[in-house]
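Peer 1: Residues 1 to 473 (the working numbering) are what the sequence shown spells out, left to right.
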Amino acid sequence: MLHKTLKAFPEDFLWGASTSAYQVEGAALTNGKGPSVQDVKEPPAGTSGFEVAADQYHHYKEDVALMAEMGFKTYRFSISWARLLPKGTGEVNEEGVQYYSDLIDECLKYDIQPLVTMYHFDLPAALDEQGGWANRATVDAFVEFSELMFKSYGDRVKYWLTINEQNMMTLAAGAVLGVDTSAPGAQKRIYEMNHHMLLAQAKAMNLCHEMLPNAKIGPAPNIALVYPESCKPEDVLASQNMNALRNWLYLDMAVFGIYNNIAWSYLGEIDAVPENILPGDMELMASAKPDFIAFNYYSTATVKMPEEGAESTKGDQQRGATIAGFSQGVSNPNFQKTEFGWEIDPVGFRNTLREVYSRYHLPIIITENGLGAYDKLEQDENGNDVVHDPYRIDYLRAHIEQMRLAITDGVEMMGYCPWSAVDLISTHEGFVKRYGFIYVNREEFDLLDLRRVRKDSFFWYKKVIASRGTDLA
Ligand code: BG6
Numbered sequence: 001m002l003h004k005t006l007k008a009f010p011e012d013f014l015w016g017a018s019t020s021a022y023q024v025e026g027a028a029l030t031n032g033k034g035p036s037v038q039d040v041k042e043p044p045a046g047t048s049g050f051e052v053a054a055d056q057y058h059h060y061k062e063d064v065a066l067m068a069e070m071g072f073k074t075y076r077f078s079i080s081w082a083r084l085l086p087k088g089t090g091e092v093n094e095e096g097v098q099y100y101s102d103l104i105d106e107c108l109k110y111d112i113q114p115l116v117t118m119y120h121f122d123l124p125a126a127l128d129e130q131g132g133w134a135n136r137a138t139v140d141a142f143v144e145f146s147e148l149m150f151k152s153y154g155d156r157v158k159y160w161l162t163i164n165e166q167n168m169m170t171l172a173a174g175a176v177l178g179v180d181t182s183a184p185g186a187q188k189r190i191y192e193m194n195h196h197m198l199l200a201q202a203k204a205m206n207l208c209h210e211m212l213p214n215a216k217i218g219p220a221p222n223i224a225l226v227y228p229e230s231c232k233p234e235d236v237l238a239s240q241n242m243n244a245l246r247n248w249l250y251l252d253m254a255v256f257g258i259y260n261n262i263a264w265s266y267l268g269e270i271d272a273v274p275e276n277i278l279p280g281d282m283e284l285m286a287s288a289k290p291d292f293i294a295f296n297y298y299s300t301a302t303v304k305m306p307e308e309g310a311e312s313t314k315g316d317q318q319r320g321a322t323i324a325g326f327s328q329g330v331s332n333p334n335f336q337k338t339e340f341g342w343e344i345d346p347v348g349f350r351n352t353l354r355e356v357y358s359r360y361h362l363p364i365i366i367t368e369n370g371l372g373a374y375d376k377l378e379q380d381e382n383g384n385d386v387v388h389d390p391y392r393i394d395y396l397r398a399h400i401e402q403m404r405l406a407i408t409d410g411v412e413m414m415g416y417c418p419w420s421a422v423d424l425i426s427t428h429e430g431f432v433k434r435y436g437f438i439y440v441n442r443e444e445f446d447l448l449d450l451r452r453v454r455k456d457s458f459f460w461y462k463k464v465i466a467s468r469g470t471d472l473a
């Protein structure tokens, strides 16, 4: 649709950026924090562990001041479960409680609204040892953790996100959920874990509304529209299959409390229907209502119907997998790719926003969007630190333009938080895959001095925010 005039970004639009605790904080095994599943697993070859990361634990004042300088209205960060409850339940680490309290106060000092992710890939290792999400007791532990957060920070935090990318944990499972995907019955086990996470999310949403009537809470999956490779009806079926399994399963459950029918039928086919749905679970899911939908968007996906006999393969958040008889990820020739092989599809961002809003009619906040690259720290002629990242500016500009078109299409948008505020450790590709507006001076293994440097994208985003999204030059 062509628009003669574009609608403006709302006045109270939450411009900001995101991070997650284990990827940015450091102090992973100090200051009373217990280990999480991220701390006990072996990092992928050639990438560093999370002991120091960007050391935000010790640099949070400086980081928040830089965010304020960019004009942030919100900062999305996650709270490390094992920092508050080192064993996942029971004994509280008061120093950890104080850390997030200080971080929240620091944000509010600059009128930056904290947007808190309650759980971002870092289950306490102690809970994992007792079966992790396969164990129903983890649902109760999450409720205990939620109550502690609402009690400690609910007087100051208005916006809450339940679980980051539950769909990616489930689809690309293994590493984060601790499941050996080649073991017999692995898929059923994964979807039983998924059911427990859905239940945990529903309970947290209800508890939030009970304890904090003025707060707002929503889910935070990774949503990407899945295109058919061609107009062959079979390819359209494949795209519907993948859209259901990747996207709608999570949003239908969060919003309506129902299992998506296509996804459910697929689970039946692969003998993965969760058997841990107890009486009362579905009523509980239906009673929990999000106030908004948050989602992470990096790119769309494209699929075709696999040939008969095609074997299943693995993907990551963006690179598509093949599921025999269901859908096969293909590369889309219309797009350029990042240095890390992720396709760039800004128009797909508008497509995805329109689709999500038409289905659920809830305000949307984008909690991740961005480009990972090998940025380079240089010195200008006066010896000042500079980082030229025009590729990131191009990526973000194109996505913001499409977001404005989506707003003009009638999509109700609340905010935009690219990944990431500060350079941090990627989920599986190390520190050198950088996303931040703020450069952190360290290498993969050499920590150097961790000093902060404003990238070109920092100055650009500052202008974008100051002009309420109209000056994207
Ligand atoms: C999202 C995650 O999947 O993508 C983040 O929520 C992650 O934690 C981001 O860092 C970028 O992915 P990656 O693999 O490049 O770190």
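Every residue gets a Cβ at the ideal spot worked out from N, C-alpha and C, and that includes glycine.
Does the separation of the CB atoms of S78 and T47 fall below 8 Å?
Peer 2: Here residue 78 refers to the residue found at position 78 when the sequence shown is read from its first residue. Here residue 47 refers to the residue found at position 47 when the sequence shown is read from its first residue. Cβ distance not < 8 Å, so S78 and T47 don't count as in contact.
Peer 1: Given this structure, state the Cα-to-Cα distance separating Y110 from R354, to the nearest angstrom.
Peer 2: As a first step, residue 110 must be located in the sequence shown, where it is residue number 110. As a first step, residue 354 must be located in the sequence shown, where it is residue number 354. Distance between the alpha carbons of Y110 and R354: 33 Å.
Peer 1: Does DSSP classify G131 as helix, strand or coil?
Peer 2: Here residue 131 corresponds to residue number 131 of the sequence shown, with the count starting at 1. Residue state, collapsed to three classes: coil.
Peer 1: What residue ranges within the segment 186-250 form continuous beta strand (DSSP E) runs of no fewer than 3 residues, ordered along the chain?
Peer 2: Runs found: 216-220 and 226-228.
Peer 1: For the ligand BG6, any of its heavy atoms closer than 7 Å to the Cβ of F121?
Peer 2: As a first step, residue 121 is located in the sequence shown; it is residue number 121 there, counting from the start. At least one heavy atom of the ligand BG6 is nearer than 7 Å to the Cβ of F121, so yes.
Peer 1: Rounded to whole angstroms, what is the Cα-Cα separation between L472 and V464?
Peer 2: Translated into positions along the sequence shown, residue 472 becomes position 472. Translated into positions along the sequence shown, residue 464 becomes position 464. Their backbone Cα atoms lie some 6 Å apart in a straight line.
Peer 1: Are the segment 283-299 and the segment 328-344 touching, with three or more C-beta to C-beta distances below 8 Å?
Peer 2: The answer is yes - the segment 328-344 touches the segment 283-299, with three or more Cβ pairs under 8 Å.
Peer 1: Cβ of M168 within 7 Å of any heavy atom in the ligand BG6?
Peer 2: Residue numbering aside, residue 168 sits at position 168 when the sequence shown is read from its first letter. M168 Cβ: within cutoff of the ligand BG6.
Peer 1: Quick one, which of I366, R246 and Q379 has its alpha-carbon nearest G16's?
Peer 2: Residue 16 sits at position 16 when you count from the first residue of the sequence shown. The residue with the shortest Cα to Cα distance from G16 is I366.
Peer 1: For E229, which residues in the same chain have their Cβ closer than 6 Å to its Cβ, ignoring the five residues on either side in sequence?
Peer 2: For the purposes of this step, residue 229 is identified with residue 229 of the sequence shown, where counting begins at 1. Within the same chain, E229 has close Cβ partners D235, T302, K304 and V330.
Peer 1: Look up Q402 in the DSSP assignment and give the residues it is bridged to.
Peer 2: Your numbering for residue 402 matches position 402 in the sequence shown. According to DSSP, Q402 bridges with nothing at all.
Peer 1: Rounded to the nearest angstrom, what separates A172 and A137 at their Cα positions?
Peer 2: Residue mapping note: residue 172 aligns to position 172 of the sequence shown, counting from 1. Residue mapping note: residue 137 aligns to position 137 of the sequence shown, counting from 1. Going from the Cα of A172 to the Cα of A137 covers about 23 Å.
Peer 1: Is the segment 265-274 close to the segment 178-192, with three or more CB pairs under 8 Å?
Peer 2: Short answer: they touch.
Peer 1: Is there at least one non-hydrogen atom of the ligand BG6 closer than 7 Å to the beta-carbon of S457?
Peer 2: Position 457 of the sequence shown, counting from 1, holds the residue named residue 457. No.
Peer 1: Can you list, in chain order, the stretches of the alpha helix (DSSP H) that have 4 or more residues and sit fully within the segment 283-326?
Peer 2: None, since the segment 283-326 contains no complete alpha helix (DSSP H) of that length.
Peer 1: Within 7 Å: the Cβ of K61 and any heavy atom of the ligand BG6?
Peer 2: One-based indexing of the sequence shown puts residue 61 at position 61. No, the Cβ of K61 stays beyond 7 Å of every heavy atom of the ligand BG6.
Peer 1: In angstroms, rounded to a whole number, what distance separates the CA positions of E275 and I223?
Peer 2: The count along the sequence shown starts at 1 and reaches residue 275 at position 275. The count along the sequence shown starts at 1 and reaches residue 223 at position 223. Their backbone Cα atoms lie some 26 Å apart in a straight line.
Peer 1: Would you say E339 touches the ligand BG6, meaning its beta carbon is less than 7 Å from a heavy atom?
Peer 2: Taking the first residue of the sequence shown as position 1, residue 339 is located at position 339. No, the beta carbon of E339 sits no closer than 7 Å to any heavy atom of the ligand BG6.
Peer 1: Which residues in the same chain as Q379 place their Cβ atom closer than 8 Å to its Cβ, once the five residues preceding and following it in sequence are excluded?
Peer 2: Mapped onto the sequence shown, residue 379 falls at position 379. So the list reads D385 and V386, once near-sequence residues are dropped.
Peer 1: Compute the Euclidean distance between the alpha carbons of I393 and W460, then round it to the nearest angstrom.
Peer 2: Within the sequence shown, numbered from 1, the residue matching residue 393 stands at position 393. Within the sequence shown, numbered from 1, the residue matching residue 460 stands at position 460. Each residue's alpha carbon lies about 7 Å from the other.
Peer 1: Per the DSSP calculation, R76 is bridged to which residue(s)?
Peer 2: The residue you call residue 76 lines up with position 76 of the sequence shown. In DSSP, R76 forms a bridge with S18 and L115.
Peer 1: To the nearest angstrom, report how far apart K289 and A254 are at their CA atoms.
Peer 2: For this step, residue 289 is matched to residue 289 along the sequence shown. For this step, residue 254 is matched to residue 254 along the sequence shown. K289 and A254: Cα-Cα distance of roughly 7 Å.
Peer 1: Run the CB neighbour count on D63, radius 10 Å, all protein chains shown included, and call it buried at 16 or more, exposed below.
Peer 2: For the purposes of this step, residue 63 is taken as residue 63 along the sequence shown, with counting starting at 1. D63 should be labelled buried.
Peer 1: Helix, strand or coil: which one does DSSP assign to T367?
Peer 2: What you label residue 367 is simply residue 367 of the sequence shown in a count that begins at 1. If DSSP states are grouped into helix, strand and coil, T367 belongs with the strands.
Peer 1: Who are the Cβ neighbours of S420 in its own chain at under 7 Å, not counting the five residues just before and after it?
Peer 2: Along the sequence shown, one-based indexing puts residue 420 at 420. So the qualifying residues of the chain are A17, S18, T19, G370, Y435 and G436.
Peer 1: Just tell me which of K7, N243, S467 and M285 has its CA closest to the CA of A263.
Peer 2: As a first step, residue 263 is located in the sequence shown; it is residue number 263 there, counting from the start. A263 has its Cα closest to that of N243, out of K7, N243, S467 and M285.
Peer 1: Regarding S48 and the ligand BG6, is the C-beta to nearest heavy atom distance less than 7 Å?
Peer 2: As a position in the sequence shown, residue 48 is number 48, starting the count at 1. No, Cβ of S48 sits at least 7 Å from all heavy atoms of the ligand BG6.
Peer 1: Can you tell me the Cβ-Cβ gap for A141 and G34, rounded? I've got them flagged as a contact below 8 Å.
Peer 2: Translated into positions along the sequence shown, residue 141 becomes position 141. Translated into positions along the sequence shown, residue 34 becomes position 34. In fact, because the Cβ distance is near 12 Å, the residues do not count as touching under 8 Å.
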